[in-house]
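Numbering (the numbering used here), first residue to last: 11 to 224. Using N, Cα and C, we set each Cβ at its ideal position, and we do this for glycine too. Only a predicted model underlies this, so the values are computations on that prediction, with no experimental measurement involved.
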Amino acid sequence: PGNSDRILADINLDINSGETVAFVGRSGVGKTTLIKLLLRFYDATSGFIKFDDVDIRQFTKFYLRSLMAVVPQEPIMFNNTIKFNLSYGKENAKMSELKRVAAEANILNFIESLPQKWDSEVGERGIKLSGGQRQRLAIARALLVNPKVLIFDEATSNLDSESERQIQKALKVASKNRTVIIIAHRFSTIRNADKIVVLSNGTVAEIGKHRDLI
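Here you go:
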């Protein structure tokens with residue numbers, strides 16, 4: 011099909027191991043589509059995506075997705091305890107591991123301030139937690155599986171400025187020694203990214219650091 015039929019076109023991009031790369035742009039420009047391609051929810055109709063020089067279509071979907079963890083805009087929470095929700099991706103995790111990733115996600119003090127601590131119920135869809143608390147719990151859950159690539163998909167778009175600040179602290183810690191991909195609307199969320207990719211009309215309009223693009 012012609013370019014007018016494509017969601018994304020002429021994307022040519024390298025992401026180095028250990029980099030924090032942010033994708034920004036208006037709604038509908040293809041930011042989330044890129045993530046879905048990376049996770050192989052569907053495959054590109056032309057071109058390819060490589061992971062360590064291997065076409066990702068050569069991996070099983072299970073193996074490919076085991077290399078990554080996603081913190082979505084609306085994280086899934088089960089009507090169960092904080093401990094259950096945090097350890098969902100690694101059921102045999104030790105308490106020392108749970109406390110470590112909770113601290114990295116900047117939510118340990120909150121958990122341990124609760125009357126029932128780790129056994130506190132979060133309610134249906136995490137209704138007993140604030141938006142920022144749900145996001146930090148989701149970050150901790152992602153860190154627990156120690157992914158090579160950590161993906162934040164609009165993780166701060168519905169939060170107030172104080173909650174966003176807390177998430178930014180957690181993100182800074184989470185970015186150490188791993189590749190991080192951030193999808194965001196707000197430049198404030200990704201000002202410290204190594205590289206910001208601006209998408210427009212399904213293609214790359216600009217690439218640079220925050221100070222260059224602003």
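- Nearest to R151 by C-alpha distance, out of V159, M105, K219, V81, is V81.
- Counting C-beta atoms within 10 angstroms of its own C-beta, P157 has 16 or more neighbours from the protein chains shown and is therefore classed as buried.
- Measuring C-alpha to C-alpha distances from N90 to each of A32, S130, V64 identifies S130 as the nearest.
- Our two residues, Q176 and S97, have alpha carbons roughly 21 Å apart in a direct line.
- Spatial neighbours of K100 in its own chain (CB-CB distance under 7 Å, excluding positions within 5 residues in sequence) are listed in chain order as L154, V155.
- The beta-carbon separation of M87 and I161, rounded to 18 Å, does not stay under the 8 Å limit for a contact.
- Counting every other CB atom within 10 Å of its CB across the protein chains shown gives A32 a total of 16 or more, marking it as buried.
- I149 carries a helical assignment under DSSP once its states are collapsed to helix, strand and coil.
- Approximately 16 Å separates the beta-carbon atoms of K41 and L223; this is outside 8 Å, ruling out the contact.
- Distances from the CA of K93 to each of G38, G212, I121, I45 were compared; the closest alpha carbon is that of I121.
- Counting along the chain, F162 sits inside the beta strand (DSSP E) bounded by residues 159 to 163.
- The three-state reading of DSSP puts K60 in strand, counting E and B together.
- Take S27, set aside five residues on each side of it, and the residues of its chain with a beta-carbon closer than 7 Å to its own are T189, in chain order.
- The beta carbons of R36 and P85 sit about 24 Å from each other, so the pair does not count as a contact at 8 Å.
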